[in-house]
Amino acid sequence: MTVKTRFAPSPTGKLHVGNARMALVNWLYARQQGGVFMLRLDDTDVARSSEAFADGIRQDLNWLGLTWDKTARQSDRFGRYKDIFEQLKASGRLYPCYETAEELDLKRKVQLSQGKPPLYDRAALKLTDSDRTRLAAEGIAPHWRFQLLAEDTGWTDMNRGDVKFHGSNLSDPILFRAGSEPVYMLASVVDDMDFAITHVIRGEDHVANTAIQIQLCEALGGIPPVYCHLPLLRGAHGEELSKRLGSLSLESLWDEGIEAMAINSLLARLGSSDPIEPYLTLREATAGFDISKFGRATAKFDRVELEHLNARILHDLPYTAVSEKIQALGLAVSETFWQAVQPNLTKLSDLQEWLDVCGDTLQPIITDPDFIRQALALLPPAPWDNTTWGAWTKALGSKTERKGKALFMPLRQALTGKDHGPDMGVLLPLIGYDRVVKRLAV
RNA sequence: GUCCCCAUCGUCUAGAGGCCUAGGACACCUCCCUUUCACGGAGGCGACCGGGGUUCGAAUCCCCGUGGGGACGCCA
Numbered sequence: 197m198t199v200k201t202r203f204a205p206s207p208t209g210k211l212h213v214g215n216a217r218m219a220l221v222n223w224l225y226a227r228q229q230g231g232v233f234m235l236r237l238d239d240t241d242v243a244r245s246s247e248a249f250a251d252g253i254r255q256d257l258n259w260l261g262l263t264w265d266k267t268a269r270q271s272d273r274f275g276r277y278k279d280i281f282e283q284l285k286a287s288g289r290l291y292p293c294y295e296t297a298e299e300l301d302l303k304r305k306v307q308l309s310q311g312k313p314p315l316y317d318r319a320a321l322k323l324t325d326s327d328r329t330r331l332a333a334e335g336i337a338p339h340w341r342f343q344l345l346a347e348d349t350g351w352t353d354m355n356r357g358d359v360k361f362h363g364s365n366l367s368d369p370i371l372f373r374a375g376s377e378p379v380y381m382l383a384s385v386v387d388d389m390d391f392a393i394t395h396v397i398r399g400e401d402h403v404a405n406t407a408i409q410i411q412l413c414e415a416l417g418g419i420p421p422v423y424c425h426l427p428l429l430r431g432a433h434g435e436e437l438s439k440r441l442g443s444l445s446l447e448s449l450w451d452e453g454i455e456a457m458a459i460n461s462l463l464a465r466l467g468s469s470d471p472i473e474p475y476l477t478l479r480e481a482t483a484g485f486d487i488s489k490f491g492r493a494t495a496k497f498d499r500v501e502l503e504h505l506n507a508r509i510l511h512d513l514p515y516t517a518v519s520e521k522i523q524a525l526g527l528a529v530s531e532t533f534w535q536a537v538q539p540n541l542t543k544l545s546d547l548q549e550w551l552d553v554c555g556d557t558l559q560p561i562i563t564d565p566d567f568i569r570q571a572l573a574l575l576p577p578a579p580w581d582n583t584t585w586g587a588w589t590k591a592l593g594s595k596t597e598r599k600g601k602a603l604f605m606p607l608r609q610a611l612t613g614k615d616h617g618p619d620m621g622v623l624l625p626l627i628g629y630d631r632v633v634k635r636l637a638v
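In case it helps, my numbering puts the first sequence at residues 197 to 638.
In structure tokens:
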């Protein structure tokens, strides 16, 4: 049987690293199993969904390289859900409810204040035909709940092992609102069946939903897929990811010049017992991927760790792999320049720092004016090449009887304004004769 | 409040009663390499949440605490 997974975001916001992880894990599992990966846009909530967010999601996935073999959107399938509505109604498991959202909210608050779980009390089940006729006459369009069986519903989860929930601990879910508009719970189950999804890999926030979805799937005559619920990601200090959307949205990581493969590398292994390694391609990340290695504890996503990985990946990338991205960031960098500064970059956007060093506005650090004056006097004339620095410092060394750090550090600071950076031999010609003279003029 | 789940170095984790003076990876520190930084090489620091049991023996099993995560929506 061909494995088929899906990533099913709702286009109501931007993707963050938590979403990206679920997309990636589904993609990796499908690819590794020789299966199919599907992108499904869960946009049953028409009011909150937007085309702009849908585009953003597709862009983000493309950036990460998570290509999909099939795509669908739920708003195109309302006709199908309408058929299911009739089918479920005929089965007797669907019942109309007339409470307003406010009434339900109040009920929950009362239950909670009494220390009881906020479960739906099934009051609508006690309605008589004449009650319903009266309510309908008042013009109230009912919402429809699915009557859960009061029994254990269980499954063998790929991550959590045997899991079960008792129906009495769950509320009868609303499947259709305002007449017959489908909601997520219904559409998701129908789509998983219709598109023959074999493995549903998602966050553990869906664990309790799974019992409901299995009951629903079986009521529709389907066979539930295999489920895998991975723990959610938290921020480096245990904070909720969505609260940090500012810095952990894929969009902002792109803006910072973080490599897609750094994100993929981290996300493909974080929370598993396999070591996190810098992968240059998704193929490499797929090779050692083992979904059974994922644990059950909440893992923390640390930006610092991401940047370390990013640096390691950046140090291995040829100019051709980054030139387009550099342009997209609005920077102009030659291959020579790239090779010179590459080992000193953590993020692509760090290029600016070295561009400034080779620009006109740099503020030199002069620690020893007399020495700098001597250096200027011995500066070789242009044209320069990669041997100029060596010749210059050799001459300067014998003249001033300085060597080692005492010899080159004052020069590095005067010429770059920093005490670390690329090899001065290659950097010197990139700064250029005129700027060097200017920086050494004290 | 109720129902699930989890609890080992800073982080991700290995560990399924003796193989554990608890292993690895990343981070960190030191040294070597290097006319800086980085890379690379060699070392080092560093953890079983607490309390009770069970057992000859517990990181490992049980109970109770405590802590953390998730769920309980006409969102997904």
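All residues carry an ideal CB built from backbone N, CA and C; glycine is no exception.
- The beta carbon of A432 is closer than 6 Å to those of K496, D498 in its chain, skipping five residues each way along the sequence.
- By alpha-carbon distance to G600, the top candidate from G613, T612, G586 is G586.
- The distance from the Cβ of C554 to that of I472 is about 34 Å, inconsistent with a contact at the 8 Å cut-off.
- Measuring C-alpha to C-alpha distances from L428 to each of R398, N506, L446 identifies R398 as the nearest.
- In the structure shown, the three-state DSSP call for F249 is helix.
- Taking the CA atoms as reference points, A297 sits about 29 Å from E414.
- Out of A458, L466, L211, the CA that lies nearest to the CA of R508 is found in A458.
- Here L541 is not near V633, since their CB atoms are 9 Å or more apart.
- Rounded to the nearest whole angstrom, the CA to CA distance from M605 to S448 is 36 Å.
- Within the model, the alpha-carbon separation for G593 versus T557 is close to 29 Å.
- In the DSSP assignment, W340 is bridged to P292, F372.
- Every alpha helix (DSSP H) stretch that sits fully inside the stretch 355-427 and reaches 4 residues is listed by chain position as 380-390, 403-415.
- Assigned with DSSP and collapsed to three states, L575 falls in coil, not helix or strand.
- Assignment of K200 by DSSP, reduced to helix, strand and coil, places it in the strand class.
- For E377 and R269, the gap between their C-alpha atoms comes out near 15 Å.
- I280 counts as buried, since no fewer than 16 other beta carbons sit within 10 angstroms of its beta carbon.
- Sixteen is the threshold: when 16 or more other Cβ atoms of the shown chains lie within 10 Å of the Cβ of R202, as they do, the residue is buried.
- Checking the DSSP bridge columns, you'll see L429 partnered with A495.
- Closest in C-alpha terms to S443, from the list I393, E503, I487, S488, comes E503.
- For the 9 Å CB-CB criterion, L366 and L315 form a contact.
- For F233, no alpha helix (DSSP H) run applies; the uninterrupted beta strand (DSSP E) run containing it begins and ends at 232-237, by DSSP.
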